[in-house]
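Presented below is the structure to which this report refers.
Protein chains in written order, with the numbering used here: chain A, 13 to 440; chain B, 39 to 289.
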């Protein structure tokens with residue numbers, strides 16, 4: 013064991029040798045603490061149980077593997093027609109010139125690397141990440157807290173007038189971005205965050221979301237079309253009484269993606285839904301790892317993850333619902349499904365329930381299968397061409413995940429992306 | 039309208055011959071019924087005509103208005119005017135019934151070089167036709183056939199038929215699983231579609247459907263062949279005496 017840990021710590025020493033730990037500013041002590049946590053853990057290795065299905069080497073390597081930026085030619089970027097506050101990052105660096113003026117009624121926005129001192133963020137930065145380190149270690153999130161170079165501190169005090177849209181452009185083939193956002197939803201406040209784009213050749217992103225009583229947070233994300241980009245992301249959310257959290261992620265393409273969501277209920281009667289639709293063709297490895305902790309009564313959690321895989325693409329799902337003692341009347345649901353469009357693809361799923369309360373409803377399911385030939389024939393027999401019928405059935409398969417997007421305009425925008433992806437990847 | 043000549047069909051996966059030389063000529067505007075014992079090949083005939091996989095045609099042809107159906111993809115057969123009302127309509131979770139209907143109607147219009155219907159036009163037509171079949175707005179919104187009762191599924195088949203306006207309609211045991219009232223409703227829906235340019239092939243076990251949808255010809259199928267053809271009285275004969283006498287007579 014000691015040798016294994018030593019190897020992980022050696023890997024860490026190499027990884028952070030060239031990184032700069034800011035030792036001043038309001039986040040300095042939180043970063044120092046994160047480095048202490050991280051040093052004790054080292055970096056994740058292939059033999060870690062939590063990384064059994066996804067090889068972390070390219071995420072932990074000193075240098076990112078180069079990835080060519082995707083060139084948009086034929087298509088408008090996602091969310092283009094949505095009324096939103098646009099905040100742009102290029103290769104992981106905030107770009108004020110390309111962004112809207114960062115002021116929005118009901119919201120305070122400041123930059124992690126800025127000169128101001130958002131007092132509330134001082135008490136939040138790294139806090140949920142730290143809580144999320146038990147019972148499972150998440151070293152890449154600690155690395156993020158210690159070394160993040162940019163990110164936004166966003167505090168909603170009322171109902172935000174429009175969504176905040178974080179746009180992550182990727183220009184440099186070898187960019188390596190570490191972004192850390194903190195989102196605080198005050199009591200009764202409401203905010204929608206949109207994210208889109210690959211951000212960099214390699215991205216390590218943490219978003220901490222603290223939702224106070226009656227607050228509501230909605231998150232819709234697409235992760236960019238670059239074929240070779242790699243990303244590890246962590247959402248850490250804590251839900252107060254009667255609060256709501258909804259997150260949906262669309263992943264199309266990307267060589268390697270590990271999306272973790274760590275959600276904790278600390279107040280009663282709260283609702284958290286986390287969903288993802290991933291579509292991969294060829295060299296595509298997508299990992300959804302979710303950990304939901306119920307530590308309050310009458311809370312509802314839903315995990316809905318769907319993957320469409322072809323030409324050797326790999327999908328991974330690790331989802332856990334932990335219901336602590338006293339978390340009575342918990343309603344937990346988890347579904348992970350893969351639609352395999354050929355025999356070469358792979359889906360690996362590890363659903364887990366751990367329950368210490370006696371009056372709860374928890375269910376989970378995991379399936380993988382091919383397109384239903386009977387449904388396909390039924391559609392064709394009504395005159396629907398085979399490729400259209402296939403797209404219709406794939407979209408139908410993804411529908412349960414997309415249904416987690418509450419706003420119809422946003423859901424339609426996501427549906428269009430899916431249809432376009434299917435059209436580009438049909439029959440190959 | 040439909041001209042089936044010496045059709046031989048076997049299963050793809052095993053060496054089992056199902057149809058052993060079916061001959062059938064259906065003129066425009068006529069209604070033909072096929073009856074026959076279980077396993078005689080009635081449903082196979084309907085599947086082979088509409089292009090379902092899993093069957094191999096070893097001999098023969100099936101012409102729809104002179105065009106060879108057996109060489110077409112299922113969607114092309116539909117666009118050419120063929121429609122199969124399924125014995126077991128397929129449930130498709132996640133696809134709304136309305137979306138399905140509209141996709142189908144417009145795909146066929148497109149295949150025939152016609153303009154697609156606008157959302158407004160489509161809605162108007164579908165509402166009118168659904169009303170006649172007592173299909174409510176809720177059923178149109180739900181995913182295709184998901185959670186539908188047996189009767190609702192069959193009514194939904196007839197609604198699709200009404201929307202697609204095919205020339206050659208095959209009804210595969212549309213009466214199975216229906217109570218008397220539901221059968222009447224479905225039969226009324228079919229009768230409303232009868233016209234000089236449209237033909238029907240009604241596959242059924244029971245004569246009672248034929249009380250409502252009056253056939254011009256009745257065929258008895260057995261062991262992969264049509265062994266006897268007559269008028270509506272043949273169906274009555276089967277209802278009263280079963281197949282035994284007819285089978286004995288032929289052999």
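Every residue gets a Cβ at the ideal spot worked out from N, C-alpha and C, and that includes glycine.
Keep in mind it's a predicted model, so treat the numbers as computed, not measured.
- 8 Å or more divides the Cβ of residue 291(A) from the Cβ of residue 249(A).
- Under DSSP, residue 160(B) shares a beta bridge with no residue.
- With the criterion set as a beta carbon lying under 8 Å from some beta carbon of chain A, the members of the stretch 71 to 94 of chain B are 88, 89, 90 and 91, in sequence order.
- Per the C-alpha coordinates, the member of 175(B), 223(B), 274(B) and 261(B) positioned closest to residue 196(B) is 223(B).
- Residue 117(A) places its beta carbon 8 Å or farther from that of residue 168(A).
- Scanning its chain for C-beta atoms nearer than 7 Å, with the 5 sequence neighbours on each side dropped, one finds around residue 72(A) the residues 23, 27, 55 and 56, in chain order.
- Among the CB atoms of chain B, one or more fall inside 8 Å of the CB of residue 385(A).
- Using a Cβ-Cβ cut-off of 7 Å, residue 133(B) is close to 404 and 408 of chain A, given in chain order.
- Annotation: the stretch 121 to 177 of chain B contains the following complete segments of the beta strand (DSSP E) (minimum length 3 residues), in chain order: 130 to 134.
- Between the stretch 406 to 417 of chain A and the stretch 113 to 121 of chain B, the count of C-beta pairs closer than 8 Å stays below three; the two stretches do not touch.
- In the DSSP secondary-structure assignment, residue 332(A) is bridged to 303(A) and 364(A).
- Take the alpha-carbon of residue 190(A) and the one of residue 193(B): they are about 58 Å apart.
- In this structure, DSSP gives residue 339(A) a state outside helix and strand, which the three-state scheme calls coil.
- Beta-bridge annotation (DSSP): residue 350(A) is paired with 319(A) and 380(A).
- Relative to the Cα of residue 93(A), the nearest Cα in the group 356(A), 177(A), 105(A) and 162(A) belongs to 177(A).
- Taking the CA atoms as reference points, residue 431(A) sits about 31 Å from residue 187(B).
- Straight-line measurement puts the Cα of residue 296(A) at about 18 Å from the Cα of residue 208(A).
- Secondary structure at residue 181(B): strand, using DSSP grouped into helix, strand and coil.
- Within the stretch 386 to 398 of chain A, the residues whose Cβ lies closer than 7 Å to some Cβ of chain B are 386, 387, 389, 390, 392, 393, 394, 395, 396, 397 and 398, listed in chain order.
- For residue 110(A), same chain residues with a beta-carbon under 7 Å away, outside a window of 5 residues either side, are 100 in chain order.
- Taken in chain order, the complete beta strand (DSSP E) segments of 3 residues or longer contained in the stretch 224 to 257 of chain A are 228 to 234 and 242 to 251.
- Its Cα nearest to that of residue 42(A), the residue 137(A) stands out among 113(A), 20(A) and 137(A).
- In this structure, residue 260(B) and residue 285(B) form a Cβ contact; the two beta carbons are roughly 6 Å apart against a cut-off of 8 Å.
- The stretch 55 to 72 of chain B and the stretch 120 to 132 of chain B do not touch, with fewer than 3 CB-CB distances between them shorter than 8 Å.
- Beta-bridge partners assigned by DSSP to residue 204(A): 230(A).
- Chain-order list of chain A residues neighbouring residue 240(B): empty, with the shortest C-beta distance near 17 Å, by a criterion of under 7 Å.
- For a Cβ distance threshold of 7 Å, nothing in chain B lies close to residue 148(A): the least Cβ distance comes to about 33 Å.
- Listed along chain B, the residues sitting closer than 7 Å to residue 411(A) by beta-carbon distance are 132.
- Residue-level contact check: residue 316(A) does not touch chain B, since none of the beta carbons of chain B fall below 8 Å from its beta carbon.
- The beta carbon of residue 92(B) sits closer than 6 Å to those of 50, all from its chain and outside the five residues before and after it, given in chain order.
- Sequence-ordered contacts of the stretch 134 to 158 of chain B with chain A read 141, 142, 145, 146 and 149 [C-beta pairs closer than 7 Å].
- Neighbours of residue 116(B) in chain A, taken as residues whose beta carbon is under 7 Å from its own, are 393, 394 and 395 in chain order.
- Here the stretch 72 to 81 of chain B does not lie against the stretch 327 to 334 of chain A, with fewer than 3 beta-carbon pairs under 8 Å apart.
- Taking 8 Å as the upper bound for CB-CB distance, residue 78(B) and residue 241(B) are not in contact here, some 10 Å apart.
- Annotation: Cβ neighbours of residue 111(B) in chain A (cutoff 9 Å, chain order): 392, 397 and 398.
- In this model, residue 312(A) and residue 147(A) are separated by some 21 Å (Cα to Cα).
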